[in-house]
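Q: So my numbering is basically just the index in the sequence shown, starting at one, shifted up by 242. Ideal Cβ positions, reconstructed from N, Cα and C, are used throughout, including at glycine. Bear in mind that the values here come from a model prediction, so they are computed numbers and not experimental data. Please find one structure pasted underneath; my questions will follow.
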Amino acid sequence: MTDIDQRLILGPFVRYVSTDRATFWVETSHSCTVTVTTSSGASVDERTWGLHGHHYALVAVEDLPQNSVVDYTVAIDGEQVWPTPDRRAVVHTMCDDEPVTVAFGSCRRGDTYSDEALTRIGADALVGLADRVASEEPDTWPDLLVFLGDQVYADDPSPEIVERLHARREAGERAAGARSEEVEDEICDFEEYTWLYQESWGDDRVRQLMATVPTCMILDDHDLRDDWNSSADWRAEVTQASWWEDRVIGAFSSYWVYQHLGNLSPRELEDDAMYAAVRSAGSDSERETLLAEFALKADAEPSSARWSYHRDIGNTRLVMIDSRCSRDLSPERRAMVDDVEWAWVREHTLNSGKEHVLLGSSLPFLMLPGLHAVEQWNEAVAQGAWGKRFGRIGEKLRIALDLEHWAAFGKSFGDMVDLVDEVVVGPDAPKSLVWLSGDVHCSYVAKAETRVSTSTSLYQLTMSPFRNPLNLPIRAVNRLAIRRPVARMLARLARGAKAEPVHAEWSTEAGPWFDNGVMSLTTDSQALRLEVNHAAVVNGRQTLSTTARYDLTPSGVRQR
């Protein structure tokens with residue numbers, strides 16, 4: 243690709259596209275006016291706003307033609323900076339009630355594409371997807387690309403970022419919290435978070451992909467720190483650390499800027515009080531204070547901020563659930579999402595009015611069966627089923643072994659099953675309800691059944707990682723977890739700890755796979771169509787190839 247104008251630090255990223263609207267996110271090198279002009283005649287100016295020496299704009303464009311390929315350009319202070327001369331910049335608007343294709347995955351380490359890095363963590367699925375999109379016609383592109391968590395690794399940055407951190411610390415420019423040796427090699431403030439995003443999304447191919455296909459995102463633990471909000475004990479310890487407040491401010495402020503804002507529709511942006519306050523603030527320092535206070539409150543009082551959102555695309559509704567920040571960690575009533583958040587999830591799931599409902603959660607709702615039983619057992623033991631001594635051991639195991647998925651929050655798991663039973667009954671029941679997830683660094687397809695007889699297809703689709711493969715011993719554990727004798731044995735262990743009964747059944751129909759990859763789901767009116775793709779290095783080039791294609795029906799999975 244021709245060199246990108248240096249005034250355009252990052253972007254443009256197409257974040258939201260509907261039948262007639264689109265939003266474009268950019269980071270620029272200085273305060274300026276950003277103009278997006280389309281081939282349909284729309285032209286919108288947006289003044290950037292600054293934070294910590296960085297400059298951003300989110301440009302909302304309206305009155306676009308439905309179901310059309312629309313060319314666009316981006317200018318800074320009247321001079322075009324995108325697309326570069328060798329590329330075309332286009333978006334494809336939606337059509338109401340039509341099938342849609344959603345590509346999704348999670349867990350992507352920012353790193354180089356050196357021979358050493360490709361050997362260590364493999365090919366990047368997003369680079370492979372970018373090359374595929376660049377070679378195809380617009381009507382074959384995904385309608386949406388979903389990032390299901392761990393877009394950045396604040397607690398485990400790449401060697402290149404660690405080198406920059408050391409240089410910054412030696413120059414005396416460190417955040418106050420970075421004085422702790424515990425986090426010397428970790429991201430500690432807003433500035434350092436910007437390095438992660440530029441590393442992750444700055445590659446020409448990934449940048450072109452995100453300038454073409456709309457994206458939506460949700461946070462997970464590595465956006466802040468491994469095991470974030472796994473338990474009350476974890477929070478009690480970490481919130482006493484000298485570096486915690488700086489990390490929270492940097493993590494939430496940067497997430498709000500780089501990820502969350504683009505998840506919202508133009509109408510939601512118009513009604514967003516924080517967005518209005520940031521844009522109208524009299525100075526950068528005022529904005530920094532606003533977002534710092536917002537971040538600290540969001541961490542301490544999860545109900546004060548909402549990271550969950552929904553998006554309607556064609557015949558499909560995506561309800562993205564914040565399954566990390568909005569937890570209730572009270573030992574006597576652990577919940578994956580608190581009461582306020584769960585009421586919102588119920589409302590937007592029950593009243594979708596769409597043929598297909600996708601429930602996005604960074605953490606899988608349906609784990610591999612054996613692992614589900616282990617997490618049930620652990621929660622029961624931690625709650626005191628085997629006495630206080632084992633309860634303390636259970637809490638330590640919860641953190642050490644990452645036993646913190648929906649299965650480890652029995653109340654929330656039961657609430658989700660109850661919600662599904664409500665959704666799938668009645669004349670307006672959707673044709674499918676599908677959970678989209680990541681996190682676990684393996685990929686699989688699970689088919690579910692609940693207490694209610696229904697023609698609605700129920701599936702868990704888990705795709706992880708984009709680029710961060712699991713080590714071999716844990717792969718072996720995951721393969722064991724789908725074996726029925728192992729799952730039955732572990733289920734007996736959970737029952738022995740008096741774990742709550744599970745009013746749902748599911749089986750792993752395909753997978754697990756462990757390579758870097760991306761899934762694509764098409765919500766056809768007749769059946770769900772799933773394509774499983776994996777990335778590999780072939781003759782020195784990162785490629786994406788199709789591993790399997792399936793039809794997902796109420797009766798089961800059929801390979802195509």
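At which residues does the alpha helix (DSSP H) containing V731 begin and terminate?
A: Residue mapping note: residue 731 aligns to position 489 of the sequence shown, counting from 1. At residue 731 the sequence reads Met, which differs from the Val that was named. R726 to G738 is the extent of the alpha helix (DSSP H) around M731.
Q: Would you call I716 buried or exposed, if buried means 16 or more other Cβ atoms sit within 10 Å of its Cβ?
A: As a working mapping, residue 716 is identified with position 474 in the sequence shown. Answer is exposed; the Cβ neighbour count stays below 16.
Q: Is there contact between the region 577–593 and the region 718–735, where contact requires at least three CB pairs shorter than 8 angstroms?
A: Output reads no: the region 718–735 does not touch the region 577–593.
Q: At which residues does the beta strand (DSSP E) containing K673 begin and terminate?
A: Position 431 of the sequence shown holds residue 673. Unbroken run through K673: none, as it is neither H nor E.
Q: Can you check whether the CB of A650 is closer than 8 angstroms to the CB of A736?
A: Reading the sequence shown from its first residue, position 494 is the one you call residue 736. Reading the sequence shown from its first residue, position 408 is the one you call residue 650. Not closer than 8 angstroms, so no.
Q: May I ask you to report which of helix, strand or coil DSSP gives I563?
A: Position 321 of the sequence shown, counting from 1, holds the residue named residue 563. If DSSP states are grouped into helix, strand and coil, I563 belongs with the strands.
Q: Taking the continuous beta strand (DSSP E) assigned at V332, which residues delimit it?
A: Counted from its first residue, the sequence shown places residue 332 at position 90. Its beta strand (DSSP E) spans residues V332 to H334.
Q: With C-beta atoms as the reference, is T789 less than 8 angstroms away from W755?
A: The count along the sequence shown starts at 1 and reaches residue 789 at position 547. The count along the sequence shown starts at 1 and reaches residue 755 at position 513. In contact: T789 and W755 (Cβ atoms closer than 8 angstroms).
Q: How many angstroms separate the CA atom of T481 from the CA atom of S377?
A: For the purposes of this step, residue 481 is taken as the residue at position 239 of the sequence shown. For the purposes of this step, residue 377 is taken as the residue at position 135 of the sequence shown. Whole-angstrom Cα-Cα distance: 48 angstroms.
Q: With DSSP as the reference, label S699 as helix, strand or coil.
A: Reading the sequence shown from its first residue, position 457 is the one you call residue 699. In this structure, S699 counts as strand in the three-state DSSP scheme.
Q: Would you tell me roughly how many angstroms separate the C-alpha atoms of I429 and G370, rounded to the nearest one?
A: Within the sequence shown, residue 429 is the residue found at index 187, counting from 1. Within the sequence shown, residue 370 is the residue found at index 128, counting from 1. C-alpha separation (whole angstroms): 28 angstroms.
Q: By the 10 Å Cβ neighbour count, where 16 or more other Cβ atoms means buried, how is R217 classified, buried or exposed?
A: No information on residue 217 is available, as it lies outside the stretch 243 to 802 that the chain covers here.
Q: So the alpha helix (DSSP H) R631 belongs to, where does it begin and stop?
A: Locating residue 631 in the sequence shown gives position 389, counting from the first residue. Taken as a continuous stretch (DSSP letters only), the alpha helix (DSSP H) holding R631 covers K630 to A642.
Q: Can you give me the start and stop residues for the beta strand (DSSP E) that H297 sits inside?
A: Here residue 297 is taken as the residue at index 55 of the sequence shown, counted from 1. H297 -> beta strand (DSSP E) spans H296 to V303.
Q: Tell me which same chain residues have a C-beta within less than 7 angstroms of the C-beta of D766, skipping the five on either side of it?
A: For the purposes of this step, residue 766 is identified with residue 524 of the sequence shown, where counting begins at 1. Excluding positions up to five away in sequence, the list reads P341.
Q: What do you reckon, is the C-beta of R329 under 7 angstroms from a heavy atom of the ligand SAH?
A: Judged by which ligands are present, the structure shown has none, so any question about the ligand SAH falls away.
Q: Could you check what DSSP says for F607 in three-state terms: helix, strand or coil?
A: Position 365 of the sequence shown, counting from 1, holds the residue named residue 607. Reduced to three states, the DSSP call for F607 is coil.
Q: Please report how far the alpha carbon of L600 lies from the alpha carbon of R559, in whole angstroms.
A: Looking up residue 600 in the sequence shown gives position 358. Looking up residue 559 in the sequence shown gives position 317. Distance between the alpha carbons of L600 and R559 is about 6 angstroms.
Q: At the level of alpha carbons, what is the spacing between V256 and N758?
A: As a working note, residue 256 is residue 14 in the sequence shown. As a working note, residue 758 is residue 516 in the sequence shown. In a straight line, the C-alpha of V256 is about 24 angstroms away from that of N758.
Q: Looking at C-alpha atoms only, which residue of T361, D465 and F266 is the closest neighbour of A299?
A: The count along the sequence shown starts at 1 and reaches residue 299 at position 57. Out of T361, D465 and F266, F266 has the C-alpha closest to the C-alpha of A299.
Q: What residues in its chain sit with their C-beta under 7 angstroms from that of L794, if we drop five residues either side in the sequence?
A: Along the sequence shown, read from residue 1 onward, the residue named residue 794 stands at position 552. For L794, where only same-chain residues beyond five positions count, the Cβ hits under 7 angstroms are S699, Y701, A769, L770 and L772.
Q: Enumerate, from N- to C-terminal direction, the unbroken beta strand (DSSP E) stretches of 3 or more residues contained entirely within the region 496–583.
A: You should have 551–555 and 558–563.
Q: If you measure from the beta carbon of W443 to each beta carbon in chain D, is any gap under 8 angstroms?
A: In the structure shown, chain D cannot be found, because there is only a single protein chain.
Q: Quick check: what's the CA-CA separation for T326 versus M459?
A: The residue given as residue 326 occupies position 84 in the sequence shown. The residue given as residue 459 occupies position 217 in the sequence shown. The alpha-carbon atoms of T326 and M459 are separated by roughly 26 angstroms.
Q: Nearest-angstrom Cα distance between G629 and V375?
A: Within the sequence shown, the letter at position 387 stands for residue 629. Within the sequence shown, the letter at position 133 stands for residue 375. Those two C-alpha atoms are separated by around 56 angstroms.
Q: Using only the alpha-carbon positions, how far apart do V682 and D514 sit?
A: Here the question's residue 682 lines up with position 440 in the sequence shown. Here the question's residue 514 lines up with position 272 in the sequence shown. Distance between the alpha carbons of V682 and D514: 33 angstroms.
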